[in-house]
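> The opening residue of the sequence shown carries number 5 in the numbering used here; numbering runs sequentially from there.
Think of the CB as a built atom: it goes at the ideal place given N, C-alpha and C, for glycine as much as any other residue.
Fair warning: this is a prediction, and the values are worked out from it, not measured in the lab.
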Amino acid sequence: MKPFTYVKPPDFESAIPAGAAPRTKYLGGGTNLVDLMREGIELPDHVVDITGLPLDAIEELPNGGLRIGALVRNSTLAADPRIRSRYRVLSEAMLSGASGQLRNMATVGGNLLQRTRCPYFYDTTAACNKRRPGSGCDALEGYNRNCAVLGVSDSCIAAHPSDMCVALAALEAVIHVNGPAGVRRIEIADLHLLPGDTPDLENSLVPGDLITAVELPPPLGARSTYRKVRDRSSYAFALVSVAAALQVEDHKVTEVRLGLGGVGAKPWRAREAERLLLGGPADESAYRRAAEAELAPARVHADNAFKVRLAEATIVAVLRELSLAGVNR
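Laid out in C-alpha cells, this is it:
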C-alpha cells in the first residue's frame, strides 16, 4: 500500500481544511476506501478520519422528516423504528446490501459515495476511463453482464452499486454538505453524475466537501417496498432492483415513486414511468406500459441485454404487489 499521512480532526474547523488538501480522502467506515487503497486504485497522500465528528445521530425534523448523520452505520439506520415504520423502502434497501458485518461498519455518507464494482475498474491492468481517464473502456466489448443500460455513454457503462441510494432517489432525499465554500444542500438527483465523456467525475462534490447528513422529507402516504434481483440471496450486487411507493384510490394511481438500481449509471429515478402512471389506472397493463417506456432508451451490450426485460418484469411485479396489498403505509 502506498504510504500516506493520517489525521483525526476533533471538529469541522480543522476537518474541512485538511480534507481540501490535494490527493486527500475522508475516512468513515472504510469498507470501500480501504479496499480500493489495497488494490492500488485509490492512492491518497492524506487520509482524514472523520469518525470523531458528531455525525452519528438520527434526528426528528419539525416538518416530520428525519435528519440522518453521515456517520450513522447502515445497520443502525435499517433497524431504527422510525425508518422501519415511516420509510420502509429505505430499511429494506439497507438490509439487502452487503453482509451484516459490513453493514455494522459502513456509514451513510460512505454509501452515498461508494464506487462501482465493474471488474475492469478493479483490474489495474484493464482499460477503464473511470479509473484512468482516456484509457478506454474494456467493458464495452468485454464481460458486461453487471453493467448499466440506462444513462451510459461510449466512455463508460459501469453500474452504480448502491441499494441505499436507489431508495433515497425514490424518497427525494436531500444531502447536506459542509466544505470550503460553506454549508449547502444537494438534491439526491443532483449528487451523482452520468458518465458522459468524463466518467471519472462521479459526483457534484468539490475537493474538501464533506457529506454531513441526509435529510428525508416527510413520509409518503403511499405504501413502499424494495425488491432486489441478484444471482444469490445475500452479499451480491443487484442485477435489477426497484424501490417503489404506490398509493391507489378508486382504482387510480394517486401517488407513485420509482427508483431503479443495477440498470443505471447512477441511482435511477424512473420519472417517465411515474409520469405515465400518475392519475391512470392501477392495473397490470398500465404498469407494463410504464415500465416499457422507462426502459425504451436502454443501451444494451452482449451480456446485459437481459436486464431490460428483467427490469420491466420487476417493476410490474413490485407495483402489482403494492396495489394488491390494500393498506398504504
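When the distance is taken between beta carbons, is N133 closer than 7 Å to C141?
As a first step, residue 141 is located in the sequence shown; it is residue number 137 there, counting from the start. As a first step, residue 133 is located in the sequence shown; it is residue number 129 there, counting from the start. Against a cut-off of 7 Å, the Cβ pair of N133 and C141 comes out as a contact.
> If we define contact as Cβ-Cβ less than 7 Å, is A309 a contact residue for chain B?
The structure shown contains no chain B; it holds only a single protein chain.
> Have a look at P229 and R42 and give me their C-alpha separation to the nearest angstrom.
If you number the sequence shown from 1, residue 229 lands on position 225. If you number the sequence shown from 1, residue 42 lands on position 38. A quick correction: the sequence has Thr, not Pro, at residue 229. So the alpha carbons of these two residues sit roughly 36 Å apart.
> Report the option in P301, V11, R324 and G212 whose CA atom is closest to the CA atom of S157.
Indexing the sequence shown from 1 puts residue 157 at position 153. Here the closest residue by C-alpha is P301.
> What separation, rounded to the nearest whole angstrom, lies between the Cα atoms of R236 and L326?
Start at 1 with the first residue of the sequence shown, and residue 236 comes out as number 232. Start at 1 with the first residue of the sequence shown, and residue 326 comes out as number 322. R236 and L326: Cα-Cα distance of roughly 24 Å.
> Is V260 closer than 7 Å to L282 when the C-beta atoms are compared?
As a first step, residue 282 is located in the sequence shown; it is residue number 278 there, counting from the start. As a first step, residue 260 is located in the sequence shown; it is residue number 256 there, counting from the start. The answer is yes: Cβ separation under 7 Å.
> Check whether the Cβ atoms of R324 and E288 sit closer than 7 Å, and answer yes or no.
Counted from its first residue, the sequence shown places residue 324 at position 320. Counted from its first residue, the sequence shown places residue 288 at position 284. A contact, by the Cβ cut-off of 7 Å.
> To the nearest angstrom, report how far apart R86 and L94 are at their CA atoms.
By one-based count along the sequence shown, residue 86 stands at place 82. By one-based count along the sequence shown, residue 94 stands at place 90. Roughly 11 Å between the two C-alpha positions.
> Given that a residue counts as buried once 16 or more other Cβ atoms are within 10 Å of its Cβ, and exposed if not, what is L31?
What you label residue 31 is simply residue 27 of the sequence shown in a count that begins at 1. L31 is buried by the Cβ-count criterion.
> For I192, which of helix, strand or coil comes out of DSSP?
To locate residue 192, count along the sequence shown from 1; it is residue 188. The answer is helix: DSSP assigns I192 an H, G or I state.
> Can you give me the start and stop residues for the alpha helix (DSSP H) that G104 sits inside?
Counting from 1 along the sequence shown, the entry for residue 104 is found at position 100. Note, G104: alpha helix (DSSP H), G104 to M109.
> Since L214 is in the beta strand (DSSP E), which residue starts that stretch and which ends it?
Taking the first residue of the sequence shown as 1, we reach residue 214 at position 210. Start and end: L214 to L220.
> Could you please give the first and the last residue of the uninterrupted alpha helix (DSSP H) stretch that includes Y10?
Residue mapping note: residue 10 aligns to position 6 of the sequence shown, counting from 1. Counting along the chain, Y10 falls outside any alpha helix (DSSP H), though it belongs to the beta strand (DSSP E) covering T9 to V11.
> Give the straight-line distance between the Cα atoms of A130 and S159, rounded to the nearest whole angstrom.
In the sequence shown, residue 130 corresponds to position 126, counting from 1. In the sequence shown, residue 159 corresponds to position 155, counting from 1. Near 14 Å, if we compare the C-alpha coordinates of S159 and A130.
> With a threshold of 16 other CB atoms inside 10 Å of the CB of P7, please say whether the residue is buried or exposed.
Counting from 1 along the sequence shown, the entry for residue 7 is found at position 3. Under this definition P7 is an exposed residue.
> Which value, in whole angstroms, describes the spacing of the CA atoms of F310 and V218?
Against the sequence shown, residue 310 aligns to sequence position 306. Against the sequence shown, residue 218 aligns to sequence position 214. Taking the straight line from one Cα to the other gives about 34 Å.
> Are the CB atoms of L74 and V112 nearer to each other than 7 Å?
The residue given as residue 74 occupies position 70 in the sequence shown. The residue given as residue 112 occupies position 108 in the sequence shown. First, the residue type needs correcting, since residue 74 is Ala and not Leu in the sequence shown. Taking 7 Å as the Cβ cut-off, A74 and V112 qualify as a contacting pair.
> For V76, is the classification buried or exposed, using 16 other Cβ atoms within 10 angstroms of its Cβ as the cut-off for buried?
Here the question's residue 76 lines up with position 72 in the sequence shown. With 16 or more Cβ atoms within 10 Å of its Cβ, V76 is classed as buried.
> Alpha carbon to alpha carbon, how far is L59 from G334? Give it in angstroms, no decimals.
No statement about residue 334 is possible, as the shown extent of the chain runs from 5 to 333 and does not include it.
> Using 8 Å as the threshold, is the region 185-193 in touch with the region 18-29, meaning 3 or more CB pairs across them?
No, the region 185-193 does not touch the region 18-29.
> Take T35 and list the residues in its own chain whose beta-carbon comes closer than 6 Å to its own, dropping the five residues that flank it on each side.
Here residue 35 refers to the residue found at position 31 when the sequence shown is read from its first residue. Closer than 6 Å at the Cβ level, and outside the excluded window around T35, lie L106, M109 and A110.
> Going by C-alpha distance, which of P137, G186, Y147 and P221 is nearest G68?
The sequence position of residue 68 within the sequence shown is 64, counting from 1. Among P137, G186, Y147 and P221, the Cα nearest to that of G68 belongs to P221.
> Using the beta-carbon count (16 or more within 10 Å), is G44 buried or exposed?
Translated into the one-based positions of the sequence shown, residue 44 becomes position 40. Exposed, since its Cβ has fewer than 16 Cβ neighbours within 10 Å.
> Using the rule of at least 16 other Cβ atoms within 10 Å of the residue's Cβ for burial, across every protein chain shown, is A61 buried or exposed?
Here the question's residue 61 lines up with position 57 in the sequence shown. Exposed: under 16 other Cβ atoms inside 10 Å.
> Assign D84 to one of two classes, buried (16 or more other C-beta atoms within 10 Å of its C-beta) or exposed (fewer than that).
One-based indexing of the sequence shown puts residue 84 at position 80. That one is buried.
> By DSSP's criteria, N182 is part of a beta bridge. Which residues make up the other side?
For the purposes of this step, residue 182 is taken as residue 178 along the sequence shown, with counting starting at 1. Beta-bridge pairing links N182 to V187 and L214.
> Per the DSSP calculation, P285 is bridged to which residue(s)?
Against the sequence shown, residue 285 aligns to sequence position 281. Paired residues: K256.
> Helix, strand or coil: which one does DSSP assign to L224?
For the purposes of this step, residue 224 is taken as residue 220 along the sequence shown, with counting starting at 1. Residue state, collapsed to three classes: coil.
> Please report how far the alpha carbon of E278 lies from the alpha carbon of D53, in whole angstroms.
Residue 278 sits at position 274 when you count from the first residue of the sequence shown. Residue 53 sits at position 49 when you count from the first residue of the sequence shown. Using only the alpha carbons, I get a separation of about 41 Å.
> Output the boundary residues of the alpha helix (DSSP H) element that contains V2.
Nothing about residue 2 can be reported from this structure: the residues present for the chain run from 5 to 333 only.
> Output the distance between the C-alpha atoms of H180 and A82, rounded to the nearest integer angstrom.
Taking the first residue of the sequence shown as 1, we reach residue 180 at position 176. Taking the first residue of the sequence shown as 1, we reach residue 82 at position 78. Whole-angstrom Cα-Cα distance: 20 Å.
> Going by beta carbon distance, what residues of the same chain come within less than 6 Å of R71, once the five residues before and after it are set aside?
Here residue 71 refers to the residue found at position 67 of the sequence shown. Closer than 6 Å at Cβ, skipping near neighbours: E63, L65, A217 and E219.
> Terminal residues of the continuous alpha helix (DSSP H) containing T80?
Taking the sequence shown and counting its residues from 1, one reaches residue 80 at position 76. Run containing T80: N78 to A83, per the alpha helix (DSSP H) assignment.
> Report back the beta-carbon spacing between V246 and V322 to the nearest angstrom; my notes put them in contact at under 8 Å.
Working through the sequence shown from its first residue, we reach residue 246 at position 242. Working through the sequence shown from its first residue, we reach residue 322 at position 318. V246 to V322, Cβ: 5 Å. Contact.
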